[in-house]
Amino acid sequence: MQRFDPAGIEAKWQAAWEAGQVFAARRDPAKPKYYVLEMFPYPSGRIHMGHVRNYTMGDVVARYKAAQGFSVLHPMGWDAFGMPAENAAMERGGHPRDWTYGNIADMRAQMKPLGLSIDWTREFATCDPEYYGQQQAMFIDMLEAGLVYRKNAVVNWDPVDMTVLANEQVIDGKGWRSGAEVERRELTQWFFRISDYSEELLEALDGLHNWPEKVRLMQRNWIGKSRGLQVAFSTVGAPDGFDRLEVYTTRPDTLMGASFAAISPDHPLARHLERHNPAVAEFVAECRRIGTSEEALEKAEKRGLDTGIRVRHPFDNAWELPVYIANFILMDYGTGAIFGCPAHDQRDLDFARKYDLPHPDVFVAVEGGQPVEAEAFVPPKTEPVRYIRGFAGDEVQTGEAAVDAAIAFCEANGVGQGVTNYRLRDWGISRQRYWGCPIPVVHCDTCGVVPEKKENLPIELPYDVSFDQPGNPLDRHPTWRACACPACGQPARRETDTMDTFVDSSWYYARFTSPHADTPTDPAEADYWMNVDQYIGGIEHAILHLLYSRFFARAMHRTGHLPAKAIEPFDALFTQGMVTHEIYYQDVSVAQVGNQAMPAGTTRRFYFFPEQVEQAQTGGFVEKGSNLPVQVIPAQKMSKSKKNVVDPVNIIRDFGADTARWFILSDSPPERDVEWTAAGAEAAFKHLTRVWRLASELAEGDAPAGPGDAALLKAMHRAIHEVTEAIDGFAFNKAIAKLYELTNTLSKADAGAEAKRQVMRTLAQLMTPMVPHLAEEIWAMLGGEGLVTQATWPKADPAMLVEDEVVLPIQINGKRRSEISVPRDMGTAEVEKLVLADDTVVRVLAGSAPKKLIVVPGRIVNVVI
RNA sequence: GUCCGUGUGGCGGAAUGGUAGACGCAUCGGCUUUAGGUGCCGACGCCGCAAGGCGUGUGGGUUCGAAUCCCAUCACGGACACCA
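Numbering (the working numbering), first residue to last: 4 to 868.
What follows is the structure in structure tokens.
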């Protein structure tokens, strides 16, 4: 007999699919459509197991929907702009464009052997001028629609490299290359008015029923709608023009517990003081060294500087509070100024302790008033508390009601007004980098900032740039900046900032519907294919990418590039877990590092790739060859620096794509992390080999009927039902478990060859979404018609799914002690009679009657004694 | 620090208010094979000779009944706006 030969089988069937153009998406008004999309990859150069997992899941859905009669769109492209290409150019020479397109070619070649049902004719990269030219056109439309504007914003500035740093490039407040202390610097930048859509983006979340609840919750918190009070404090001893300080608070009920006010280092008052007071200048400069990320600000030690300025409490002119500049106040949230209530806010309390400020209580717990000691008393907003310094005397209220009352009271007394505030900030898209989509505007001395004419698009990146010095090569280019003003025709200069790569990925899903149209989208195509019916990707994109895409779809609708139904572009979202692997290492003692002697006991850690180690007889792992033991760290996300990576190319070479697909789907639920293990991959291969062998044997057998035909067919219908249900519910691991069961049942069945062949063909159909090559091979072996890829999904016969007898477990006080077998539809009274006659029940009751007898028909019985 | 998740045998997991551990891996026993890191058959949560008891991170609660719902707590992971 022949051997199972995945390499031969896979090449053969991929060629057959290609020849039949089986995966070309066709607009067919007679059919329902289904658009499956996986988050497109960044072309780093190699595919990794995370890609294999993501695209295999999408492929299961795409193939399953096609079998159910949908006209399926399943495209692939490349998120191709970004910093790694520039870093590669700086480190190894070469050009970002060559590096990127080279990587795309490599990755496409690595991906194709997976046998994904992708329509490759729609492929594009975001760095194709054809793509980013349309993006520039939309930028101009958005500018004209008032969705784009310029304002000053802070960036991380590396004073040695003289370049802007991404947050990722700031490590412990220092530039990653230069090691210099990072400064904050203000630049004029381009922004999208996403905050205009705060309320709409928030409300529309309620309609996204097929998104994970956790993602909707994260977006809700990110948008951060809050109702609060904006209140003006009058100042004492402030410079001219600063006689009032506007403060925003979400807890106006604690206004009577104020003990200080604090402003952001970027607040106009701080800016003013900075110019006139060296102590303030020094402190503010120190604050700016923390960087721009919210995370860094929150984690930094809370510090403040007393400005000497005082503000009067709005309810008591004689009550003065000191004004601090504090490093933890964000200029972008509220008014950039707060009042501190240490008694009821932990951060304020820490601050008050540090600077020896009072902390008067406003409320106490209803039962047993608790004084503020080590911790601030912060009850949830819904818990009632007794106000001891409220606006209306002693009263018991929840925080929520007290906030409303406080706002009403302040408004009535002319002290401030209730305002709704959002945490969501406008989207800054300017990047001072080369490898991105040029922002299509022109700076003219006469006309100011003018959008480029659409007929001049795309504004293409120049190829002749150098990366031998830091900063944006577009700024240094000898000729690229020079252009004519689109308004007056006089000599003018191009904008040299490029767009955030998140812009590129905010509309690629729409472009896939008409990838080569000479407008951003083709209305007929977009109308047919949108929305994405199922979007699949990593949870790390839960907020930014998905929120930006939701905004961008609305902007595209407003500028006429998408139909109204597409303003929520992703009908269903699935967030997959990561692929992890154990880490192998040895700690080796070293006497010296470089030419420096190290103290005794100093060790260096060396990591090993999985293929460099093997399991020893003792159960531990050893390095191949040397047989020296290696230590093992439990599985973590695959990462090159820890060498816990497995190259999909090697797995496909050794076992075939079907094995890689089968294993990565089988071992964990899709939303959770999956650990790649060599043993698991081998087991998957063995199972597929077994299925193939079973099919080969059946292909040759004769066809007498057998006594077990009926039972086998019943098992088949049950499997059809269960596998279909599991795939619908994105439970691919369960679908595979059911396929194992059917395989086992089939191989042991006491049935005739004809029935077995029928079940094997159905098994092949059910396996098609996961292991399409093996399924085609079996289908062909057993005389299936055409390609199994194009066969209609099998249907379970409902009559075959019902069991006549059911086993009812009998619990005694909730613990299972016995069971009875009864006809499926037996009445409760009769079941009770049988239960009370059960040996175990009789013995335990010992003559007395049960306190209660609960019968859940068809499920369970509980006897309470 | 803030927001959001996850936690079940030796391991991945199944069961989402009703028999905890489906299915797979590992392990152990048996059979086949010239041989096998092959194939097939069987056992397999923990304690216990057994009867039986215990058991879903930890502590409490709701319920006839809790892995599942609620409260608290611990551990691990993701996001934090210029990584993609």
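Quick reminder that beta carbons are idealized off the backbone N, C-alpha and C, glycines included.
Residue i versus residue j - alpha carbon distance
i	j	result
L901	S267	No answer is possible for residue 901: it lies beyond the span of the chain, which begins at 4 and ends at 868.
F394	M259	8 Å
L811	E822	5 Å
L76	R29	8 Å
A556	L324	47 Å
I12	A520	37 Å
R230	P255	10 Å
E728	A65	16 Å
D131	I546	27 Å
V365	T252	15 Å
W81	E543	18 Å
G337	N330	16 Å
N818	Q400	Before going on, a small fix: residue 818 reads as Lys here, not Asn. Using only the alpha carbons, I get a separation of about 45 Å.
W179	W695	53 Å
A756	E788	19 Å
W510	Q493	34 Å
A513	G540	17 Å
N170	E189	15 Å
R306	L360	14 Å
A128	L464	15 Å
I332	I636	40 Å
Q425	K568	The question names Gln, but residue 425 is Tyr in the sequence shown. Each residue's Cα considered, the two are about 26 Å apart.
G240	R436	45 Å
N865	S508	56 Å
E414	W322	20 Å
Q139	M559	13 Å
Beta-carbon proximity list for residue i, same chain, < 8 Å, skipping 5 on both sides
i	result
R153	T191, Q192, W193, F194 and V452
Own chain, CB closer than 7 Å to residue i, minus 5 neighbours either side, in chain order
i	result
D574	N213, N534, V535 and D536
T562	M141, D144, M145 and A148
K34	G72, F73 and S74
Y531	R30 and K36
S750	L697
G474	M165 and T166
I410	L232, P255 and G421
Paired residues, beta bridge with residue i - DSSP
i	result
H446	V452 and R496
K177	I174 and E184
L232	T252 and G421
M502	S433
L848	Answer is none; L848 lacks a bridge partner.
T516	DSSP lists no partner for T516.
Close-in-space but distant-in-sequence residues of the same chain around residue i (CB under 6 Å, 5 per side omitted)
i	result
F666	G683, A684 and A687
D62	L119 and S120
Q137	P523
M784	A698 and A702
E398	Y390
P772	V63, R66 and Y67
A765	Position check: residue 765 holds Thr in this sequence, whereas Ala was assumed. Around T765: M719 and P797.
Worksheet item: Taking three-plus beta-carbon pairs below 8 Å as touching, is the region 102–121 in contact with the region 822–838?
Response: no
Discussion item. Is it the case that the region 595–611 contacts the region 544–560, given that we only count it when at least three CB pairs across the two stretches are under 8 Å?
Written reply: no
Fill in: Cβ pair count under 8 Å reaching 3, the region 705–722 against the region 658–678
no
Discussion item. Threshold first: 3 residues or longer. Then list the beta strand (DSSP E) segments lying entirely within the region 523–581, N to C.
Written reply: 537–541 and 576–579
Practice prompt. Within the region 17–102, note down every full beta strand (DSSP E) run reaching 3 residues or more, in order along the chain.
Written response: 36–41 and 74–76
Discussion item. Any contact between the region 433–449 and the region 203–219? By contact I mean 3 or more CB pairs, one from each, below 8 Å.
Written reply: no
Item to complete: For the region 252–323, list the beta strand (DSSP E) runs that are entirely contained and at least 3 residues long, ordered along the chain.
Response: 263–266 and 307–316
Worksheet item: Any contact of the region 42–53 with the region 478–494, i.e. 3+ C-beta pairs under 8 Å?
Response: no
Worksheet item: For the 8 Å Cβ check, are there 3 or more pairs between the region 49–56 and the region 573–591?
Response: yes
Worksheet item: Are the region 347–363 and the region 242–251 touching, with three or more C-beta to C-beta distances below 8 Å?
Response: no
Worksheet entry | Any alpha helix (DSSP H) of 4 or more consecutive residues that is wholly inside the region 399–439 | 402–415
Fill in: Three CB pairs or more closer than 8 Å across the region 87–98 and the region 461–474
yes
Worksheet item: Below 8 Å, can you find three or more Cβ-Cβ pairs linking the region 498–510 to the region 426–444?
Response: yes
Discussion item. If we require 3 or more residues per run, which beta strand (DSSP E) segments fall completely within the region 624–677?
Written reply: 624–626 and 632–640
Worksheet entry | Sufficient close CB pairs (3 or more, under 8 Å) joining the region 853–867 to the region 832–842 | yes
Discussion item. Suppose only complete runs of 4+ residues qualify. What are the alpha helix (DSSP H) ranges in the region 780–818, listed by chain order?
Written reply: none
Discussion item. Would the region 9–26 count as touching the region 655–665 if we require 3 or more Cβ pairs under 8 Å?
Written reply: yes
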